[in-house]
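S.K.: There's a structure below that I have some questions on.
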Amino acid sequence: MFAPNPGYVINHLAKHPESSSFILAKNGETLISYQADKRRPLASTMKIIIAVEYAEQAAAGKIDPQQKVSLDEPNRFYLKNTDGGAHSAWLEKMKEDNRIDGGQVTLHDIAKGMIRFSSNANTDYLLNVLGVDLVNERIKKLGLEGHEPLYPIVSSLLVPNQLKNEDMDENELESLLRDLSNKEYREITLKINQEIQSGGLQLSGLNSDESPTIERVWSDRLPRATANDYYKLLVMINEDDTFSDDKEKYLRDLLEWPMEKSSTKERFVHFGGKGGSTTSVLTQALYAEDHEGNTYELIMLAEDMSLLQLYDLQGSYDYFLDKIFDEPDYWKKVQEKISS
0 MFAPNPGYVI NHLAKHPESS SFILAKNGET LISYQADKRR PLASTMKIII AVEYAEQAAA
60 GKIDPQQKVS LDEPNRFYLK NTDGGAHSAW LEKMKEDNRI DGGQVTLHDI AKGMIRFSSN
120 ANTDYLLNVL GVDLVNERIK KLGLEGHEPL YPIVSSLLVP NQLKNEDMDE NELESLLRDL
180 SNKEYREITL KINQEIQSGG LQLSGLNSDE SPTIERVWSD RLPRATANDY YKLLVMINED
240 DTFSDDKEKY LRDLLEWPME KSSTKERFVH FGGKGGSTTS VLTQALYAED HEGNTYELIM
300 LAEDMSLLQL YDLQGSYDYF LDKIFDEPDY WKKVQEKISS
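Numbering (numbering that gives the first Met the number 0), first residue to last: 0 to 339.
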């Protein structure tokens with residue numbers, strides 16, 4: 000049942016146009032564009048936007064990537080059992096690589112932890128360092144018209160705690176959460192973020208133990224964008240001269256961590272991006288350039304999945320990518336299937 004199968008990805012896209020988007024481009028030509036204008040939850044793929052703003056500010060000298068930061072700062076935004084072990088894995092890597100000096104790491108290490116390990120604690124810390132408003136202004140400057148504003152991820156996990164009371168059952172809480180406007184939801188999240196930042200709310204003694212129903216609301220309400228938004232963004236990174244050399248240096252250093260593997264270097268000159276997942280969402284935006292000079296951009300956004308669908312899609316996706324890169328005409332099979 001769980002055997003990796005590249006065809007599963009194709010079949011899922013074909014069977015679920017209402018909840019799936021996909022773009023594949025090669026050498027500046029869009030080969031496949033499927034439900035590309037539909038807004039869908041981004042999960043951690045949205046962290047590419049934060050990486051862009053980080054690169055902009057680092058190149059402009061507004062932040063110092065080598066600034067030493069106490070681990071207490073990102074740890075302040077860590078909420079147990081909510082990130083699949085991402086933050087703990089990053090901390091362990093910092094220890095293994097002797098990157099911790101007197102309880103401190105560099106700001107660049109924190110940014111790397113946001114992308115490579117997908118630490119939500121690092122993400123929220125960086126959002127506060129860079130400025131949430133400036134990050135969202137960057138979305139507008141990039142012309143990503145379908146992209147919703149970002150907000151702190153960890154703080155959004157605590158919105159149900161902020162709203163529920165002892166007399167409220169799960170159905171009432173779900174209705175309340177879903178009935179909030181996007182603006183109201185973001186405002187509550189930002190208020191919680193301010194309390195964490197000021198020390199008025201400490202997460203060290205808290206656990207997130209929301210039911211699958213309430214967790215699903217959180218997932219559904221994550222910032223959304225279209226596949227076209229991320230295609231446009233990846234082209235800026237991979238194809239044209241939108242970003243200066245200084246900005247691109249920082250950005251590629253964050254996004255292209257897979258290039259540390261010898262197997263990736265054998266196939267590509269550049270390979271980077273960011274994926275994300277929840278219990279019902281799987282997303283990925285990646286770009287590549289091979290040794291023959293061929294460039295690729297690939298975006299998939301899938302939502303509203305059961306756990307079984309999620310596991311099957313996750314388990315087959317890397318094999319699907321191998322087909323895309325190894326078989327020049329494989330995209331035609333994908334196009335034929337989803338078109339029919």
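Backbone N, C-alpha and C fix where the C-beta goes; we use that ideal spot for every residue, glycine too.
#1: Hey, could you find the ends of the alpha helix (DSSP H) D289 is sitting in?
#2: Would T278 be called buried (16 or more neighbouring beta carbons within 10 Å of its own) or exposed?
#3: With contact counted as at least three CB pairs below 8 Å, one residue from each stretch, are the segment 104–112 and the segment 59–67 in contact?
#4: Inspect the beta-carbon positions of D82 and S32 and report whether they are closer than 9 Å.
#5: Of the choices M299, V280, G292, S262, whose alpha-carbon is the least far from that of G272?
#6: With a 10 Å radius around its C-beta and 16 neighbouring C-beta atoms as the bar for buried, classify K139 as buried or exposed.
#7: Whole angstroms are fine: how far does the CA of A88 sit from the CA of N227?
#8: Taking the C-alpha atoms as reference points, what is the distance between T212 and H11?
#9: Quick one: residues in its chain with C-beta nearer than 6 Å to the C-beta of L200, no 5 flanking neighbours on either side, listed in chain order?
#10: Verify whether the separation of the beta carbon atoms of P151 and N135 is less than 9 Å.
#11: When the Cα atoms are used, what is the spatial distance from Y230 to D244?
#12: Can you tell me where the beta strand (DSSP E) with Y33 in it begins and where it stops?
#13: From L254 to D289, what does the alpha carbon distance come to, in whole angstroms?
#14: DSSP beta-bridge partners for K79?
#15: Do the segment 313–330 and the segment 3–19 touch if we need at least three Cβ pairs shorter than 8 Å?
#16: In three-state DSSP terms, what is T105?
#17: Tell me the rounded alpha-carbon separation between M304 and E173.
#18: How many Å lie between V128 and Q334 at the Cα?
#19: Per DSSP, what are the beta-bridge partners of R39 in this structure?
#20: Counting pairs of Cβ atoms below 8 Å between the segment 213–221 and the segment 175–191, do you hit three or more?
#21: Going by beta carbon distance, what residues of the same chain come within less than 7 Å of T188, once the five residues before and after it are set aside?
#22: F270 bridges to which residues according to DSSP?
#23: Indicate the three-state DSSP secondary structure (helix, strand or coil) for L157 in the structure shown.
#24: Taking DSSP's pairing of strands, which residues face D100 in a bridge?
#25: For Y249, which of L309, F267, I47 has the nearest alpha-carbon?
#26: Rounded to a whole number of angstroms, what is the C-alpha to C-alpha distance between S276 and N192?
#27: Measure how close the beta-carbons of E296 and N237 come, nearest whole angstrom, since I'm counting them as under 8 Å.
#28: What does V51 pair with, by DSSP beta-bridge criteria?
M.R.: Working from what's here:
#1: Here D289 belongs to no alpha helix (DSSP H); instead the beta strand (DSSP E) covers 281–289.
#2: exposed
#3: yes
#4: no
#5: Just measuring C-alpha positions, the residue of M299, V280, G292, S262 sitting nearest G272 is M299.
#6: exposed
#7: 32 Å
#8: 23 Å
#9: Close CB contacts of L200 within its chain, under the 6 Å cut and outside five residues either way in sequence, are with E194 (chain order).
#10: In this structure, N135 does not lie closer than 9 Å to P151 by Cβ.
#11: 21 Å
#12: 28–33
#13: 16 Å
#14: Note: K79 sits in a beta bridge opposite N206.
#15: yes
#16: strand
#17: Distance between the alpha carbons of M304 and E173: 19 Å.
#18: 43 Å
#19: Answer by DSSP bridge pairing, in chain order: A224.
#20: Result yes; three or more Cβ-Cβ pairs closer than 8 Å.
#21: Y150, P151, S154, S155, V158
#22: A287
#23: coil
#24: Q103
#25: I47
#26: 22 Å
#27: Separation of the CB atoms of E296 and N237 is rounded to 6 Å, and the pair is thereby assigned contact status at 8 Å.
#28: V51 is not bridged to any residue.
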